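Number of protein chains: 2
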Amino acid sequence: MSRAWNFSAGPAALPEAVLKRAQAEMLDWNGSGASVMELSHRGKAFMQLAATAEERLRRLLGVPVGYKVLFLQGGATQHFAQIPMNLAADGDSADYIVTGHWGEKAVREAAPYINARVAGTSEAAHYLDLPPRERWTLDPAASYVHYTPNETIHGVEFHDVPDVGDVPLVADMSSNILSEPVDVAKFGLIYAGAQKNIGPSGLVVMIIRDDLLARKGRPMAKIFRYAEHAANDSMLNTPNTWGWYLAGLTFEWLETQGGLAAMGERNARKAKTLYDAFENSGGFYRSPVAVNARSRMNVPFTLHDSALDAAFLAESEAAGLLALKGHKAVGGMRASLYNAVPQEAVDVLVNFMRDFATKHG
Amino acid sequence: MSRAWNFSAGPAALPEAVLKRAQAEMLDWNGSGASVMELSHRGKAFMQLAATAEERLRRLLGVPVGYKVLFLQGGATQHFAQIPMNLAADGDSADYIVTGHWGEKAVREAAPYINARVAGTSEAAHYLDLPPRERWTLDPAASYVHYTPNETIHGVEFHDVPDVGDVPLVADMSSNILSEPVDVAKFGLIYAGAQKNIGPSGLVVMIIRDDLLARKGRPMAKIFRYAEHAANDSMLNTPNTWGWYLAGLTFEWLETQGGLAAMGERNARKAKTLYDAFENSGGFYRSPVAVNARSRMNVPFTLHDSALDAAFLAESEAAGLLALKGHKAVGGMRASLYNAVPQEAVDVLVNFMRDFATKHG
């Protein structure tokens, strides 16, 4: 078939221009006579690629001096464990704001290493809202505060950066990094699995403030220490070279699209198109998420009659609309609207939804 | 340029047929309307791909029942640390046979977790030979014995599997897995970074005996526990889907090539071609490695006059022969002859070497 409209939550749609470039260069990258996957990460050509990708990311996000950018492996889940290993020592505690599945998992993976305190949670609201700030119980002595600016499964997003005082703020931005401008200076550490807004799975991008790299953490192997990765320009061991390459192509594509301000506008418009379609459906479709907490990236929704779910999924797939099934933890549908999903895809989806509602209404 | 002859030690040459297939499927894999990189790892299509890749690997290696096959992230280096975390508890010790750089690194990364005993080493021979078996000081109470069947940098390879009694044998096969038949039943755990004989970097393939999965190890996050990865079919978190896909294509290619018996014959012939060229060079080229310890996969060699090294590298590269520079720890040259490097590449190399020797002799 031709290219489908892909609403996958991750691994997710990549920019078609990036895929075409990777396709064209597959057997001979940069005149090397080899695929980029076949080259040593320590060769001049790949080192240049790696440095250029980092520069583009720094430019896109406006990363201030005093931060290192790392290209790591393992997925965000591994870093749920590795962050406390690096930023805290035995007996230390850190605060976690939990607004969905991924925040819960971050707590669970940190717990073997530190006192992972839940300082705010919307569990009682079934993670369909954000916990009110006045109920957060932040500890000024915490090693850091961890939160999830966008929850991929529950479709809940912070629309500002919480003020946590002098405690370093750590953010799992896996599903909304690069989707709009962000003030990096407000964070101690930002990390993101690549497979939503950056590239293929198997890569983690991390932005970490120098003072956090200097923390002692606990005794552990060198390979787990962020300071060692930083000192070795993320080449302490063989990095995921294909992921790094595709990330660089995506960063380049974002620059040609006008950078994060332009992406922010587009993403806001895409999300509005879809949320408006719910409002205008006469109750046929609805978002379960509180209005002020709605995600621009991951949009769960339900049909007024769940008996229609199977037909919705079958008909949407037949219409070339992929991966609209909601996560089993939430049910219903979910459309993920990452950077690589164009407005046209959302327009096609909304038209399909209107036709489906007419047919089955 | 057209495709070069690629002797990179890793990331290394991939079969051209695999690259062409990946290129053709880049924008539309399996009729899905999306790249394989853009699909959920939990979707039916990718799950099938993953299972088929595992089946092919099991068939190629003849993996007996009672072993799990895992597709993990992090590179072999991370598993230098993760293996002791999983297979041993505080106060336990494990034996390490060290025959080069990677064995040293395995000890260093294990040391924060266990008593990593060096039970045999060829350090005194500058890792240009194997340590005589009669000098190994194996401890029957060790949690496991770790060794490196092929040392990528020093070019030293075991040509049989050492008998270590009832203690589980753990092998870092990163640079010689799938290069010839192997009796998996002799091992407790085999692991390999993919970027030599399997696929791109960013993937680790592990074959682990069930009883080792049942070991308690130390308290740690779920993401580090092999038993959890096994229980979740290596989808405890998002795997490196592109790496898994390419690994599957490589396994399929190996089957069409006649499997590991055929590869073993080809690899032996390729290595003989190159070692014979040293012998027949009248001393112009030589291997620093003891005859019985010479690797079939990674062949370091020196020129009789190191003042010619720069010219050798410049002229070989101009002739389309890539990545012949030796590792800085050893110096000189190195040709890596993994599965994807055809006999023709070695023939071209040997002809180049003869011409170079004539010109500069």
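Here the protein sequences come in this chain order: A and B. The first sequence begins at 2 in my numbering and counts up one residue at a time. The second sequence begins at 2 in my numbering and counts up one residue at a time. A virtual CB, placed ideally from N, CA and C, is assigned to each residue, including glycine. Note that the structure is a prediction, hence the values are computed from the model and not measured.
Identified DSSP bridge partners for residue i
i, result
"Glu-152 (chain B)", "B:Val-157"
"Tyr-145 (chain B)", "Answer is none; Tyr-145 (chain B) lacks a bridge partner."
"Lys-367 (chain A)", "The first residue shown for chain A is 2 and the last is 362, placing residue 367 (chain A) beyond what the model contains."
"Trp-6 (chain B)", "B:Leu-322"
"Leu-190 (chain A)", "A:Val-171, A:Ile-209"
"Arg-287 (chain B)", "B:Thr-303"
"Arg-295 (chain B)", "B:Val-157"
Length of the line joining the Cα atoms of residue i and residue j
i, j, result
"Ala-52 (chain B)", "Gly-63 (chain B)", "16 Å"
"Pro-343 (chain B)", "Gly-200 (chain A)", "32 Å"
"Gly-101 (chain A)", "His-155 (chain A)", "6 Å"
"Tyr-227 (chain A)", "Ala-186 (chain A)", "19 Å"
"Ala-195 (chain A)", "Arg-216 (chain B)", "33 Å"
"Glu-105 (chain A)", "Val-99 (chain A)", "6 Å"
"Ala-248 (chain B)", "Ala-54 (chain B)", "7 Å"
"Ala-77 (chain B)", "Arg-287 (chain A)", "47 Å"
"Pro-220 (chain B)", "Asn-238 (chain B)", "19 Å"
"Ala-143 (chain A)", "Glu-181 (chain A)", "29 Å"
"Val-37 (chain A)", "Leu-204 (chain A)", "16 Å"
"Arg-43 (chain A)", "Thr-257 (chain A)", "29 Å"
"Val-300 (chain B)", "Gln-83 (chain B)", "29 Å"
"Leu-304 (chain A)", "Met-207 (chain A)", "38 Å"
"Ile-115 (chain A)", "Leu-139 (chain B)", "37 Å"
"Asp-356 (chain B)", "Met-236 (chain B)", "52 Å"
"Leu-50 (chain B)", "Val-66 (chain A)", "44 Å"
"Arg-270 (chain B)", "Val-347 (chain B)", "10 Å"
"Tyr-145 (chain B)", "Met-174 (chain B)", "16 Å"
"Leu-314 (chain A)", "Lys-326 (chain A)", "7 Å"
"Pro-169 (chain B)", "Phe-188 (chain B)", "6 Å"
"Ala-278 (chain B)", "Ala-10 (chain A)", "55 Å"
"Glu-124 (chain A)", "Ala-291 (chain A)", "14 Å"
"Glu-158 (chain A)", "Ala-294 (chain A)", "5 Å"
"Ala-364 (chain A)", "Pro-289 (chain A)", "Any answer about residue 364 (chain A) is impossible in this case: the structure gives chain A only from 2 up to 362."
"Ala-262 (chain B)", "Leu-255 (chain B)", "10 Å"
"Thr-122 (chain B)", "Leu-250 (chain A)", "45 Å"
"Gly-333 (chain B)", "Met-354 (chain B)", "14 Å"
"Glu-39 (chain A)", "Glu-17 (chain B)", "11 Å"
"Glu-135 (chain A)", "Ala-120 (chain A)", "11 Å"
"Lys-223 (chain A)", "Glu-110 (chain B)", "6 Å"
"Arg-210 (chain A)", "Leu-88 (chain A)", "11 Å"
"Asn-268 (chain B)", "Leu-214 (chain B)", "33 Å"
8 Å contact criterion, which residue i and residue j should meet: CB distance rounded
i, j, result
"Phe-72 (chain B)", "Trp-243 (chain B)", "Not quite, the Cβ-Cβ distance comes to about 12 Å (not below 8 Å), so this is no contact."
"Leu-179 (chain B)", "Leu-61 (chain B)", "6 Å"
"Met-298 (chain B)", "Gln-24 (chain A)", "Between Gln-24 (chain A) and Met-298 (chain B) the Cβ distance is about 30 Å, and since that is not below 8 Å, they are no contact."
"Phe-8 (chain B)", "Ala-324 (chain B)", "5 Å"
"Ser-337 (chain B)", "Ala-13 (chain B)", "6 Å"
"Tyr-339 (chain A)", "Asn-198 (chain A)", "5 Å"
"Val-416 (chain A)", "Leu-190 (chain A)", "Past the boundaries of the shown model lies residue 416 (chain A); chain A is included only from 2 to 362, so the question cannot be answered."
"Gly-362 (chain A)", "Gln-74 (chain B)", "Rounded, the Cβ-Cβ distance is 46 Å, inconsistent with contact."
"Val-70 (chain A)", "Arg-59 (chain A)", "6 Å"
"Leu-350 (chain B)", "Trp-6 (chain B)", "7 Å"
Any chain E beta carbon closer than 7 Å to residue i
i, result
"Trp-243 (chain A)", "Looking at the structure shown, chain E is missing, and the protein chains on hand are A and B."
Taking only runs that begin and end inside the segment 303-355 of chain B, name each unbroken beta strand (DSSP E) of 3 or more residues, in chain order.
334-337
Can you give me, in chain order, the residues of the segment 25-46 of chain A that have a beta carbon less than 8 Å from any beta carbon in chain B?
Met-27, Leu-28, Asp-29, Gly-32, Ser-33, Gly-34, Ala-35, Ser-36, Met-38, Glu-39, Leu-40, Ser-41, His-42, Gly-44
Could you name the residues of the segment 208-237 of chain B whose beta carbon sits closer than 7 Å to any beta carbon of chain A, in the order they occur along the chain?
Pro-220, Met-221, Ala-222, Lys-223, Ile-224, Phe-225
Residues of the segment 300-328 of chain A with Cβ closer than 8 Å to any Cβ of chain B, in chain order:
Gly-321, Leu-323, Ala-324
Note down, one range per segment and in chain order, each alpha helix (DSSP H) of at least 4 residues found wholly within the segment 93-134 of chain B.
102-111
With 9 Å as the limit, tell me which residues of the segment 246-259 of chain B have their beta carbon closer than that to any beta carbon of chain A; keep them in chain order.
Leu-247
Ignoring anything shorter than 4 residues or poking outside the segment 22-73 of chain A, list the alpha helix (DSSP H) runs there in chain order.
45-62
Closer than 9 Å, Cβ to Cβ, to anything on chain B: give me those residues from the segment 130-141 of chain A, in chain order.
none
Taking only beta carbons into account, state which residues of the segment 12-23 of chain A come closer than 9 Å to chain B, listed in chain order.
Pro-12, Ala-13, Ala-14, Leu-15, Glu-17, Leu-20, Lys-21, Ala-23
Relative to chain A, which residues along the segment 344-358 of chain B have a C-beta separation below 9 Å, given in chain order?
none
Using a Cβ-Cβ cutoff of 9 Å, what residues of the segment 197-208 of chain B are near chain A? List them in chain order.
Gly-200, Pro-201, Ser-202, Gly-203, Leu-204
Name the residues in the segment 61-80 of chain B whose C-beta lies less than 7 Å from a C-beta of chain A; which are they?
Gln-74, Gly-75, Gly-76, Thr-78, Gln-79
Return the chain-ordered ranges of every beta strand (DSSP E) run that is complete within the segment 196-260 of chain A and spans a minimum of 3 residues.
205-210
Near-chain B residues of the segment 167-182 of chain A (beta-carbon distance less than 7 Å), N- to C-terminal order
none
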